[in-house]
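Residue numbers (the UniProt record's numbering): 1 to 263. Report on the following structure.
So this is what it looks like as structure tokens:
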């Protein structure tokens with residue numbers, strides 16, 4: 001898993017976590033300052049790809065202040081440059097953002113964006129060549145503490161979410177309208193200590209999950225089987241070496257490959 005983060009100072013960082021026994025972490029690779037200190041409130045997955053002229057680029061969407069921006073970082077042979085542009089404004093009140101693009105690649109046929117508001121309302125938008133189009137609101141998620149996407153398919157998206165009381169749930173969302181999430185309990189307790197969870201595909205139907213306790217600066221890895229309510233298998237792989245206290249964490253992944261399929 002390539003764990004991305006944005007520091008309190010606004011720098012873009014990535015670090016590879018390996019599911020060895022015990023887990024192993026690479027050195028943190030600190031990139032450019034893409035935001036002002038304390039400006040970032042949430043980030044979707046970032047994708048990297050090779051560039052024709054050499055080097056690579058990273059791109060992703062993040063909430064900076066009350067605006068959703070698209071950011072690109074180019075790591076080219078002659079140096080690094082970055083830029084960001086406004087995607088959606090008037091995003092005050094939203095505390096998290098996620099992008100579901102299917103299939104993976106540079107030309108997905110479906111792009112949905114999800115954002116959780118601080119009053120527990122989940123919003124969804126569709127993005128196409130003409131911009132962003134609202135696809136509904138759904139309330140009742142005020143208990144959610146953090147969430148991460150574990151499935152993006154042609155017919156549904158699924159989040160894994162923790163609650164402030166410590167439960168672990170899946171939130172299954174069909175791509176059809178109206179927006180109608182289906183919530184299932186995975187575990188009823190013990191997950192309240194984590195301020196962030198980040199998921200990456202593992203095999204064809206499973207998930208590698210990083211759970212981060214910013215208060216103690218600790219991160220833990222879990223192998224999560226194909227999500228199926230309380231029957232879902234979860235294996236603790238242990239504590240990851242290092243300190244994990246950045247305010248924002250997200251998945252950094254290749255633009256190529258196959259989509260998340262954890263549920």
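From the three backbone atoms N, C-alpha and C, an ideal C-beta is built for every residue, glycine too.
Can you say whether residue i is buried or exposed, counting buried as having 16 or more other CB atoms within 10 angstroms of its CB?
i	result
residue 185	exposed
residue 151	buried
residue 81	exposed
residue 29	exposed
residue 20	exposed
residue 235	exposed
residue 15	buried
residue 47	buried
residue 118	exposed
residue 240	buried
residue 216	exposed
residue 144	buried
residue 254	exposed
residue 86	exposed
residue 23	buried
residue 165	exposed
residue 8	exposed
residue 154	exposed
residue 142	exposed
residue 18	exposed
residue 34	buried
residue 100	buried
residue 238	exposed
residue 231	exposed
residue 44	buried
residue 161	buried
residue 128	exposed
residue 109	exposed
Taking DSSP's pairing of strands, which residues face residue i in a bridge?
i	result
residue 17	25
residue 10	According to DSSP, which records beta bridges pairwise, residue 10 is partnered with nothing at all.
residue 235	223
residue 72	59, 83
residue 46	60, 252
residue 2	16, 252
residue 208	200, 223
residue 187	168
residue 240	219
residue 33	11
residue 109	None, per the DSSP bridge assignment.
residue 213	218
residue 273	In the structure as shown, the chain starts at 1 and stops at 263, and residue 273 therefore has no counterpart that could be examined.
residue 228	230
Considering only heavy atoms of the ligand MN, does any lie closer than 7 Å to the CB of residue i?
i	result
residue 207	Inclusion of the ligand MN in the displayed structure is not the case, the ligand content being empty and no account of it being possible.
Tell me, please, whether the CB atom of residue i is closer than 8 Å to any CB atom in chain C?
i	result
residue 179	Although the question refers to chain C, the structure presented lacks it and comprises just one protein chain.
Tell me where the beta strand (DSSP E) around residue i begins and ends.
i	result
residue 100	94 to 102
Task: Any beta strand (DSSP E) of 3 or more consecutive residues that is wholly inside the segment 111 to 179 - done: 122 to 128, 131 to 138, 144 to 152, 156 to 163, 168 to 174
Task: contact_flag[the segment 61 to 81, the segment 221 to 231] where n(CB pairs < 8 Å) is 3 or more - done: no
TODO: Decide yes or no for the touch test of the segment 136 to 145 against the segment 103 to 113: beta carbon pairs closer than 8 Å, at least 3 of them.
DONE: no
TODO: Would you be able to state if there are at least three C-beta pairs under 8 Å between the segment 183 to 202 and the segment 123 to 134?
DONE: The segment 123 to 134 and the segment 183 to 202 do not touch, with fewer than 3 CB-CB distances between them shorter than 8 Å.
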